[in-house]
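Going by our numbering, 78 is the number at position 52 of the sequence shown; the sequence numbering is gapless. In this text, a Cβ means the ideal position worked out from N, Cα and C, and glycines have one as well.
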Amino acid sequence: MSIGERGQGLSSVASGVVFLVGAGVYALAEGPGGADFNLTPLFVGTIAIVAGLSSRRRRALATGLVLAGWGAAVLAVAHGVVPADRTTPAYMLGIAVGLLVTAGVSRRDDRCELMTSAAIAAFLGPLGVYLSYDAAALGRWPAWAIALVGLAVWELFWSLRSSPRASLPR
Numbered sequence: 027m028s029i030g031e032r033g034q035g036l037s038s039v040a041s042g043v044v045f046l047v048g049a050g051v052y053a054l055a056e057g058p059g060g061a062d063f064n065l066t067p068l069f070v071g072t073i074a075i076v077a078g079l080s081s082r083r084r085r086a087l088a089t090g091l092v093l094a095g096w097g098a099a100v101l102a103v104a105h106g107v108v109p110a111d112r113t114t115p116a117y118m119l120g121i122a123v124g125l126l127v128t129a130g131v132s133r134r135d136d137r138c139e140l141m142t143s144a145a146i147a148a149f150l151g152p153l154g155v156y157l158s159y160d161a162a163a164l165g166r167w168p169a170w171a172i173a174l175v176g177l178a179v180w181e182l183f184w185s186l187r188s189s190p191r192a193s194l195p196r
């Protein structure tokens, strides 16, 4: 096993730990802390950025950049920086900024993968808001804390799959 292969597994573990710790901090901030639910996209995006920076698999970074861009727009509208009648354009601009930053920070060899991850986040984030009108759980913090735990499990699963297998004596 090469050092690079070992590092890949460890970086996925680090990313999983970031998501797990982030889920706990988010749950404490939103639950007992009483933080405004409008912080959710920016909070989750920031967690994903840190997770992406801690991993060689940088897809979480792209997802985080889009969510953070959108989250900044959510807060700008919620706090009156942007007029309420411009909510949709503000959200679209926030997502677009996240996509542009992703394109700017990605290397040529992984740009397609990162832009795909960013585009999925740009689709699923607003879809979650849209569906929250019919599925009220999506408009509450526990669903997003559980999603962060799911991302942690996903990263940890891939770290185990990429870690070296013990070789058995022959």
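Three-state class that DSSP yields for residue i in the structure shown
| i | result |
| --- | --- |
| Ser80 | coil |
| Tyr159 | coil |
| Arg166 | coil |
| Ser132 | coil |
| Ala86 | helix |
| Pro152 | helix |
| Glu181 | helix |
| Pro58 | coil |
| Gly124 | helix |
| Val51 | helix |
| Pro67 | helix |
| Val92 | helix |
| Val175 | helix |
| Gly106 | coil |
Neighbourhood of residue i by C-beta distance below 7 Å, restricted to the same chain and skipping five residues each side
| i | result |
| --- | --- |
| Gly57 | Trp167 |
| Arg84 | Gly78, Asp136, Leu140 |
| Ala98 | Leu68, Gly120 |
| Gly42 | Ala178, Glu181, Leu182, Ser185 |
| Ser80 | Ser37, Ala40, Ser41, Val44 |
Residue of the options minimising C-alpha distance to residue i
| i | options | result |
| --- | --- | --- |
| Pro67 | Val39, Arg112, Val43, Ile121 | Ile121 |
| Leu174 | Ala86, Ser143, Gly59, Ala61 | Ala86 |
| Val123 | Leu91, Leu182, Arg82, Ala74 | Leu91 |
| Val100 | Pro115, Val44, Arg133 | Pro115 |
| Ser132 | Val43, Tyr159, Thr89 | Thr89 |
| Tyr117 | Gly130, Trp96, Asn64 | Trp96 |
| Ile75 | Ala61, Gly60, Leu157, Val127 | Val127 |
| Leu150 | Gly130, His105, Gly71 | Gly71 |
Neighbourhood of residue i by C-beta, 6 Å cutoff - its chain only, sequence neighbours within 5 removed
| i | result |
| --- | --- |
| Gly154 | Leu164 |
| Cys20 | Past the edges of the chain, shown from 27 to 196, lies residue 20, and the structure says nothing about it. |
| His105 | none |
Residue i, buried or exposed, once every other Cβ within 10 Å from all chains shown has been counted against 16
| i | result |
| --- | --- |
| Arg32 | With a pLDDT of 46 at Arg32, under the threshold of 50, the modelled position of that residue is not reliable, and the figure given next carries that caveat. Exposed: under 16 other Cβ atoms inside 10 Å. |
| Ala148 | buried |
| Phe45 | buried |
| Ala161 | exposed |
| Val107 | exposed |
| Gly130 | exposed |
Contact belief for residue i with residue j at Cβ below 8 Å, rounded distance in angstroms
| i | j | result |
| --- | --- | --- |
| Ala171 | Ala53 | 4 Å |
| Ala110 | Val103 | 6 Å |
| Val47 | Leu182 | 13 Å between Cβ atoms; not a contact. |
| Leu125 | Ala144 | 5 Å |
Residue i CB to nearest heavy atom of the ligand NAP below 6 Å
| i | result |
| --- | --- |
| Ser38 | This structure simply doesn't include the ligand NAP, nor any ligand for that matter. |
Cβ neighbours of residue i in the same chain (closer than 8 Å, five flanking residues each side left out)
| i | result |
| --- | --- |
| Ala55 | Ala61, Leu65, Phe69 |
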